[in-house]
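This report concerns only the one structure given below.
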Amino acid sequence: MNERYDSVILHFIARVFLVPLIIVFGIYVLLHGELSPGGGFQAGAIVAAALLLVRLTLGNRQGALRIPQGLLIWLACIGLGVYMFGGILPLILGDNFLDYARIPVEWYNQFAGEPRTARSMGIFIIEVGVFFGVVAVLVLIYDLLAGSSRQ
Amino acid sequence: MSIAGDVFIVLGLAFMVITALGLVRLPDFFSRVHAVSKSETLGITLLLLGLILHEGATLLSLKFALILVFVAIANPVGAHLLTRAALRTGQMPWRKEERG
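Residue numbers (the numbering used here), protein chains in the order written: chain A, 81 to 231; chain B, 20 to 119.
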C-alpha cells in the first residue's frame with residue numbers, strides 16, 4: 081500500500097490475523113477436494129488471495145513474501161508436472177489416462193484394497209498439482225501487472 | 020429458543036434496512052461509510068446470532084460463529100481504510116452550510 085494511506089490497524093489485522101487463517105483455510109479446502117466441496121483450483125485461489133493481500137498491504141517493503149518470478153514459473157511447471165505424473169501413472173500401470181483404480185495404495189484408510197481408495201488418492205495427486213499451478217500463476221499475473229516498480 | 024432466534028433475525032434485518040436507508044439518504048461519503056460499517060456489522064451480528072439460536076450447539080453453529088468473527092473484524096477495518104484514504108486525498112467532511 082502507498083505510504084500515504086498506511087495504517088497500523090490494517091497491518092495488524094492483515095498480517096497477524098487474516099493471512100495465516102486464510103492460508104490454513106486454503107489448505108483445508110485442498111485436503112477436502114475429492115470428498116466434499118473444494119478442490120485444487122479453489123484452494124489455490126484462496127492461498128493466492130492471501131499472498132496478494134500481503135502484497136497489497138505491504139507494497140514494496142520487506143516481509144511482503146516476494147517470490148522471484150523465475151521460481152514462480154518453475155512452481156507452475158512443477159504443478160503441471162505433478163498433474164501429468166498423476167495422469168500418466170495409470171497408463172504405465174496398464175489402465176486408461178486418469179483412471180487411478182490400479183495405483184497401489186494399501187495404507188490409506190479402512191477401504192484399503194478397493195478401487196475407490198486408489199481413485200480418491202489419484203484425484204488428490206492431481207489436486208495438489210492444480211493447487212501449485214494456480215497459486216504460482218495467479219501470483220505471477222499480479223506481479224507482472226503491478227510490479228513495474230518492483231523487479 | 021426458536022422464538023428468540025426469530026426475534027434476533029428480525030432485529031438484524033431491521034438494522035440492515037436502516038443501513039440501506041442511510042446509504043441512500045446521508046449526505047456525504049463519511050457519514051455513508053459510518054452507516055454501513057456500524058449498523059451493518061450489528062445487523063449481521065444479530066442475524067447470525069439468531070441463526071445460531073435456531074441451530075443449537077452443532078458444527079454449523081461454530082461455522083456461523085466463525086463468519087461472525089470475520090465479518091466483525093473485516094467490516095470496521097475496511098471502513099477505516101476507506102475513510103482514511105478519502106480524508107488524505109482531500110475529501111472534506113460535509114457541513115450544513117457551505118463555507119466560502
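Beta carbons: idealized from backbone N, C-alpha and C, even for Gly.
Computed from a predicted structure; not experimentally measured.
Item, Value
"At 8 Å on the CB atoms, spell out the chain A contacts of Ala104 of chain B, in chain order.", "Tyr85"
"Along chain B, in chain order, which residues have C-beta atoms closer than 7 Å to that of Leu90 of chain A?", "Val96 and Leu100"
"Please classify Gln110 of chain B as buried or exposed, where buried requires at least 16 other C-beta atoms within 10 Å of its C-beta.", "exposed"
"Given a cut-off of 8 Å, decide if Gly174 of chain A and Phe211 of chain A are closer than it, judged by their beta-carbon atoms.", "no"
"Assuming Met35 of chain B contacts Gly69 of chain B (C-beta within less than 8 Å), just tell me the rounded distance between them.", "With a Cβ gap of about 12 Å, Met35 of chain B and Gly69 of chain B do not count as contacting."
"I'd like to check one pair, Arg84 of chain A with Val134 of chain A: are the Cβ atoms closer than 8 Å?", "no"
"Pair every Cβ in the stretch 20 to 32 of chain B with every Cβ in the stretch 40 to 56 of chain B, then say whether three or more of these pairs are closer than 8 Å.", "no"
"With respect to the alpha helix (DSSP H) encompassing Gly69 of chain B, which residues constitute its N-terminal and C-terminal limits?", "Phe48 to Glu74"
"In terms of residues, what are the limits of the alpha helix (DSSP H) holding Glu207 of chain A?", "Pro195 to Ala226"
"Between the Cα of Leu169 of chain A and those of A:Trp154, A:Arg141, A:Ile205 and A:Ile153, spot the shortest distance and give me the residue it belongs to.", "A:Ile205"
"Let me confirm a value: Thr77 of chain B is counted as buried when at least 16 other C-beta atoms fall within 10 Å, else exposed. Which label applies?", "exposed"
"In angstroms with no decimal places, state the Cα-to-Cα distance between Ala123 of chain A and Ser80 of chain B.", "23 Å"
"Can a CB atom of chain A be found closer than 8 Å to the CB of Arg114 of chain B?", "no"
"Quick one, are the C-beta atoms of Gly166 of chain A and Gly113 of chain A less than 8 Å apart?", "no"
"Could you check what DSSP says for Gly159 of chain A in three-state terms: helix, strand or coil?", "helix"
"Go ahead and pull the three-state DSSP assignment for His91 of chain A.", "helix"
"Does any residue of chain A bring its CB to less than 8 Å from the CB of Ile92 of chain B?", "yes"
"What residue does the alpha helix (DSSP H) around His112 of chain A start on, and which one ends it?", "His112 of chain A -> no alpha helix (DSSP H), and no H or E assigned at all."
"Between Ile103 of chain A and Val127 of chain A, how many whole angstroms is the CB-CB distance? I'm expecting something under 8 Å.", "6 Å"
"Hey, out of A:Trp154, A:Ile153 and A:Leu131, whose CA is closest to Arg232 of chain A's CA?", "Limits of chain A in this structure are 81 at one end and 231 at the other, which puts residue 232 of chain A out of reach."
"What three-state label does DSSP hand Thr108 of chain B in the structure shown?", "coil"
"Check whether the Cβ of Gln231 of chain A lies closer than 8 Å to any Cβ atom in chain B.", "In this prediction, Gln231 of chain A has a pLDDT of 43, which is less than 50 and means its spatial position is unreliable; what the coordinates show is noted afterwards. No, Gln231 of chain A lies away from the interface with chain B (no Cβ there is under 8 Å from its Cβ)."
"Within 10 Å of its beta-carbon, does Phe92 of chain A have 16 or more other beta-carbons around it, so buried, or fewer, so exposed?", "exposed"
"Leaving out the 5 sequence neighbours to the left and right, which residues in its chain are closer than 6 Å to Trp113 of chain B when beta-carbon positions are compared?", "Pro46 and Asp47"
"For a quick check, are the C-beta atoms of Ala156 of chain A and Gly209 of chain A less than 8 Å apart?", "no"
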